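Numbering (the numbering used here), first residue to last: 147 to 358. Quick reminder that beta carbons are idealized off the backbone N, C-alpha and C, glycines included. Fair warning: this is a prediction, and the values are worked out from it, not measured in the lab. See structure below.
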Amino acid sequence: KDTMKQFGDIERLVGVPVITVQLRYDNWITEMQVDKCEGKEARGIDNLLYSADADFSCFADLALVSPWDYYKEGEGSLMQCVITPPQKGAVSGRNYFVLPKDEIAKYTDEQVRKLFPSARKSKLLWSSVVKIAQSLYREEPGLDVYRPDQKTPIDNFFLAGSYTKQDYIDSMEGATLSGRLCAGKIVEEADNLAAAAAKAKQNNAQSQVANA
């Protein structure tokens, strides 16, 4: 990091803590038209959601937005709620990071029920809470210039990840784009990489002959 600025700059990107809470219910939570929505047919808002009236900054029903992974026959919504910053809830001011996981799930469930009428008569089947001390880096003015390029000064060493230089913020979308950019940089270097591999193979063969 001292001799290659690209790597030293990464330390300026400081990760922030995040708590992810998953709540599985017995019916469909984000259905806005009725007080209670039951049945096999998935119903609700199929999108990433935001609210200024809860401590979780963004949330989604995974059973709707990613049904091939999270839809379960006989069960309902799987709400995933992201609490950040967890040290001070945006609405309550509560420090979630010091709370036990069952209390975090309890407070999150209470807020889900306040947001969606169809959740108020539902049953919470299970919950999962994951605390991450350093997640996405803190977005502040002037930090974009410290995001590293996918190509590094080290031969045959490339970077991919949402923290690298790309058009999106530090996010899943940014991670996907960074992978495509990284693949593009590798393709650009294909001839040099092939030449380096051939030279390494030749040197290895010569070394084996010399040692025979």
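**OP:** Give the secondary structure of residue 315 by DSSP, where H, G and I count as helix, E and B as strand, and everything else as coil.
**Re:** Here residue 315 refers to the residue found at position 169 when the sequence shown is read from its first residue. Looking at residue 315 - three-state DSSP - the assignment turns out to be coil, as it is neither helix nor strand.
Subject >> Contact check, residue 188 vs residue 163, beta carbons under 8 angstroms >> reply: Here residue 188 corresponds to residue number 42 of the sequence shown, with the count starting at 1. Here residue 163 corresponds to residue number 17 of the sequence shown, with the count starting at 1. Going by C-beta atoms, residue 188 is not nearer than 8 angstroms to residue 163.
**OP:** Compute the distance between the beta-carbons of residue 292 and residue 170, then report whether it is under 8 angstroms.
**Re:** Position 146 of the sequence shown holds residue 292. Position 24 of the sequence shown holds residue 170. No.
**OP:** Evaluate residue 302 with the Cβ neighbour count: other Cβ atoms within 10 Å of its Cβ, from every protein chain shown; 16 or more gives buried, anything less gives exposed.
**Re:** Sequence index remark: in the sequence shown, residue 302 carries index 156 (1-based). Residue 302 comes out exposed.
Original post:
Can you name the start and end residues of the beta strand (DSSP E) that residue 303 belongs to?
Top reply: Start at 1 with the first residue of the sequence shown, and residue 303 comes out as number 157. Per DSSP, residue 303 lies in no beta strand (DSSP E) segment and is marked neither H nor E.
**OP:** Closer than 8 angstroms by C-beta to residue 151: which residues in its own chain qualify, once you throw out the five before and the five after it? Chain order, please.
**Re:** The residue labelled residue 151 in the question sits at position 5 within the sequence shown. Excluding residues within five positions, none has a Cβ falling inside 8 angstroms.
Subject >> CB contact flag (residue 175, residue 258, <8 angstroms) >> reply: The residue given as residue 175 occupies position 29 in the sequence shown. The residue given as residue 258 occupies position 112 in the sequence shown. Against a cut-off of 8 angstroms, the Cβ pair of residue 258 and residue 175 comes out as a contact.
Original post:
Taking DSSP as the reference, what is the three-state secondary structure of residue 352?
Top reply: Here residue 352 refers to the residue found at position 206 when the sequence shown is read from its first residue. Helix.
Subject >> Opposing strand residues paired with residue 166 [DSSP bridges] >> reply: If you number the sequence shown from 1, residue 166 lands on position 20. Paired residues: 228 and 276.
Original post:
Given that a residue counts as buried once 16 or more other Cβ atoms are within 10 Å of its Cβ, and exposed if not, what is residue 250?
Top reply: To locate residue 250, count along the sequence shown from 1; it is residue 104. The residue in question, residue 250, is buried, as its Cβ has 16 or more Cβ neighbours within 10 Å.
Original post:
Whose CA, out of 247, 282, 289 and 235, lies closest to the CA of residue 92?
Top reply: Residue 92 is absent from the structure shown; the chain starts at 147 and stops at 358.
Original post:
If we ignore side chains and look at the alpha-carbon of each, how far apart do residue 222 and residue 161 end up?
Top reply: The sequence position of residue 222 within the sequence shown is 76, counting from 1. The sequence position of residue 161 within the sequence shown is 15, counting from 1. So the two alpha carbons sit approximately 33 angstroms from each other.
Subject >> Counterpart residues of residue 255 in DSSP-defined beta bridges >> reply: Locating residue 255 in the sequence shown gives position 109, counting from the first residue. Beta-bridge pairing links residue 255 to no other residue.
Original post:
Could you give the C-beta distance for residue 190 and residue 207, rounded to a whole number, given that I count them as a contact under 8 angstroms?
Top reply: Start at 1 with the first residue of the sequence shown, and residue 190 comes out as number 44. Start at 1 with the first residue of the sequence shown, and residue 207 comes out as number 61. Yes, they are in contact, since the Cβ atoms of residue 190 and residue 207 sit about 5 angstroms apart, within 8 angstroms.
Subject >> Bridge partner(s) assigned by DSSP for residue 204 >> reply: Within the sequence shown, numbered from 1, the residue matching residue 204 stands at position 58. Note: residue 204 sits in a beta bridge opposite 196 and 228.
Original post:
Are residue 243 and residue 226 touching if we call contact CB-CB under 8 angstroms?
Top reply: Position 97 of the sequence shown, counted from the start, is the residue given in the question as residue 243. Position 80 of the sequence shown, counted from the start, is the residue given in the question as residue 226. Not closer than 8 angstroms, so no.
**OP:** For my contact list, residue 197 and residue 261 are in at a C-beta cut-off of 8 angstroms; report their separation, rounded to the angstrom.
**Re:** Mapped onto the sequence shown, residue 197 falls at position 51. Mapped onto the sequence shown, residue 261 falls at position 115. Here residue 197 really is in contact with residue 261; their C-beta atoms are around 6 angstroms apart, less than 8 angstroms.
Subject >> Minimum C-alpha distance to residue 327 - residue among 306, 203 and 210 >> reply: Here residue 327 corresponds to residue number 181 of the sequence shown, with the count starting at 1. Of 306, 203 and 210, the smallest CA-CA separation from residue 327 is found for 306.
Original post:
Do the CB positions of residue 277 and residue 295 come within less than 8 angstroms of each other?
Top reply: In the sequence shown, residue 277 corresponds to position 131, counting from 1. In the sequence shown, residue 295 corresponds to position 149, counting from 1. Not a contact, by the Cβ cut-off of 8 angstroms.
Original post:
Quick one: what's got a C-beta closer than 7 angstroms to residue 332's C-beta in the same chain, skipping five residues either side?
Top reply: The residue given as residue 332 occupies position 186 in the sequence shown. 304, listed in sequence order.
**OP:** Determine the burial state of residue 167: buried for a count of at least 16 other Cβ atoms within 10 Å of its Cβ, exposed for fewer.
**Re:** Taking the sequence shown and counting its residues from 1, the one referred to as residue 167 is at position 21. Result: buried.
Original post:
Do you know offhand how far residue 230's Cα is from residue 280's?
Top reply: Taking the first residue of the sequence shown as position 1, residue 230 is located at position 84. Taking the first residue of the sequence shown as position 1, residue 280 is located at position 134. About 11 angstroms.
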